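To convert, take the position in the sequence shown, counting from 1, and add 31; that gives my numbering.
Here a beta-carbon is modelled for each residue, glycine too, at the ideal position from N, C-alpha and C.
Note that this is a predicted model, so its numbers are computed, not measured.
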Amino acid sequence: MSRKLRAMRDARERRRLEGVEPRYPRELPALRRTLIIIDYDFGRVEHRIDLYRTPRIDCYRAVADGVEWKRRVGWSKVLAGLRVKFPRVRAP
Numbered sequence: 032m033s034r035k036l037r038a039m040r041d042a043r044e045r046r047r048l049e050g051v052e053p054r055y056p057r058e059l060p061a062l063r064r065t066l067i068i069i070d071y072d073f074g075r076v077e078h079r080i081d082l083y084r085t086p087r088i089d090c091y092r093a094v095a096d097g098v099e100w101k102r103r104v105g106w107s108k109v110l111a112g113l114r115v116k117f118p119r120v121r122a123p
């Protein structure tokens, strides 16, 4: 390894070690997100989806209208599930 490359790597490592560590929240709240969907297509229908903390940071326990929907699900899958559960209404 060249002297210049080694010096650059050493400088980067020194900056990393001397820098301030990022502040992470100590513990996430049990209820992390709530989605409220109000559908006016066939009268006023309101649905509530609560997303709770799981041991994995990128997953949630999803509860829809008080009934557990998914035990462990990611944000993308929640949105995909909404697209399936609330299909488009045909034009008149």
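Phe117 and Pro56 have their C-alpha atoms roughly 34 Å apart.
Within its own chain, the residues whose Cβ lies closer than 6 Å to the Cβ of Thr65, once the five positions on either side in sequence are excluded, are Asp81, listed in chain order. For Gly74, DSSP records a beta bridge to Asp72.
Your pair Val76 and Ala93 does not check out as a contact, with CB atoms roughly 19 Å apart and the cut at 8 Å. By the neighbour-count criterion, in which 16 or more other beta carbons inside 10 Å mark a residue as buried, Tyr71 falls on the exposed side. The continuous alpha helix (DSSP H) containing Val109 extends over residues Trp106 to Lys116.
Excluding five sequence positions before and after Ala95, the CB atoms of its chain that fall closer than 7 Å to its own CB belong to His78 and Ile80, given in chain order.
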